[in-house]
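Asker: Residues in the sequence shown are numbered consecutively from 1, following UniProt numbering. Submitted below is the structure of interest, expressed as structure tokens.
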Amino acid sequence: MESLIPTWQVTLLCGILIWIVVSSMFNVTRIIRSLTQPWVSSCVISGTPIILQIQKYQHSFLDALFAGLSCVVSVPFYTGFLPLLFWSGHGKLARQMTLLMAFCDYTGNCIKVSLALSIVLQREIRCILSASSICTCLLVCLSYWIGVVDIVSGLVLGLAILAFWLSIHDHVDNFVVSGQNVTSFWAALSLLMLFAYPTPEFPTPSFEYHTAFTGVALGIVTGVQQTYEHFHHEQVARVFTPRLLMAAFAGRILIGIPTILVVKFCSKALAKWILPITANALGISIRSSGYVPALSGSSTVKKSNGYLQKMFFFSNQDSLDVDTGIRLLQYAGLAWSVVDLVPSIFSKLNL
């Protein structure tokens, strides 16, 4: 009889868990940072004149263009554009974009957090995350400027990830739509990837961004796996065809966007209520850095060796940050509604 949990899933999850424990015990992030930071910092400094020269070229059209492109890795993108791809009938493309972007975001931010290099500005050099670039266009045309090494490394890393993704994307998609133990595996993977995130040298919002995108990927995978045969198969109606006219697509947008925003709000509200109650029932001391005012500053937290200590109850911290779980569930609920709840409403309304 076939195993209920495939061996490769157990192996992968156990491997990540072992890495989390080992990296936390031996402070691997600090070791990597100490080995690589001097060399890459010298590259940033040597490339400063080139970046400052680029900064002299300014144009309103380029500012607007690259500001728009930078939204590809922002909250408005996966609350606005990605839903339109799903609702227009391009489900596979939307799935691939979501998972690829989540993978790129996680990989790039892990490298940036591990190195934490200097950023080059016209008037000063500040310490901020760089090398490699998540979005190279941000380094060239917006207000944050790093070095040539960051732009090149970001481009190389992006091409390497793309080449790797092209070799596995069919396998990933097949697993999402028809695999075994998909939802529980992806939930466990998402949780472990949060804990595996390296500790930044200085406080940054990158962990919050990654948590949101991880929640989006979890919600998309969960919803698609449950409703693939109903709403996301290859024969689904596509926009600009007789089966899905532009008027009907516009109706989907008018109904869908407000619905997912309501679900996002409700998911956050429910998570803010359920998670503290659950933690209290389990005897877990928690704190909140913003979402739950009653828990803000309620506990003194020791300096952690990694984000593993941020949520696990066997951590060395006095309390755990509940905001991480709230953010994860909030965006998971948002993404689930895009591929499950809203298509169900479309079906009821014959849209």
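Just so it is clear, CB atoms sit at the ideal spot from N, CA and C, and this is done for glycine as well.
(1) For the 8 angstroms Cβ check, are there 3 or more pairs between the stretch 32-39 and the stretch 210-217?
(2) Which first and last residues belong to the alpha helix (DSSP H) in which P205 is found?
(3) May I ask you to verify whether the stretch 162-176 touches the stretch 105-117, counting CB pairs closer than 8 angstroms and requiring at least 3?
(4) Identify which residue in G91, Y106, G47 has its Cα closest to the Cα of E229.
(5) Please list the terminal residues of the continuous alpha helix (DSSP H) segment that includes K112.
(6) Return yes when the Cβ of Y331 is within less than 8 angstroms of the Cβ of G215, no when it is not.
(7) Would you please state the rounded distance, in angstroms, between the beta carbons of I220 and T98? I believe it to be under 8 angstroms.
(8) How big is the Cα-Cα spacing for T259 and N350?
(9) So who's on the other strand from R287, going by DSSP bridges?
(10) Nearest-angstrom Cα distance between I255 and V322?
(11) Can you have a look at N280 and say buried or exposed, based on whether 16 or more other CB atoms are within 10 angstroms of its CB?
(12) Please check the pair F86 and A94, which I expect to be a contact at CB under 8 angstroms, by giving their CB distance rounded to whole angstroms.
(13) CB G89 to CB V224, shorter than 8 angstroms?
(14) Where does the unbroken alpha helix (DSSP H) through R252 begin, and where does it stop?
(15) Under a three-way DSSP split, which group does T199 fall into?
(16) Do G333 and S288 count as a contact pair if the criterion is CB distance below 8 angstroms?
Answerer: Concretely, from the data shown:
(1) no
(2) P205 -> no alpha helix (DSSP H), and no H or E assigned at all.
(3) no
(4) G91
(5) Counting along the chain, the alpha helix (DSSP H) containing K112 begins and ends at 91-115.
(6) yes
(7) 5 angstroms
(8) 17 angstroms
(9) In DSSP, R287 forms a bridge with D321.
(10) Answer to the nearest angstrom: the Cα atoms are 32 angstroms apart.
(11) exposed
(12) 5 angstroms
(13) Cβ distance not < 8 angstroms, so G89 and V224 don't count as in contact.
(14) 246-281
(15) coil
(16) Here S288 is not near G333, since their CB atoms are 8 angstroms or more apart.
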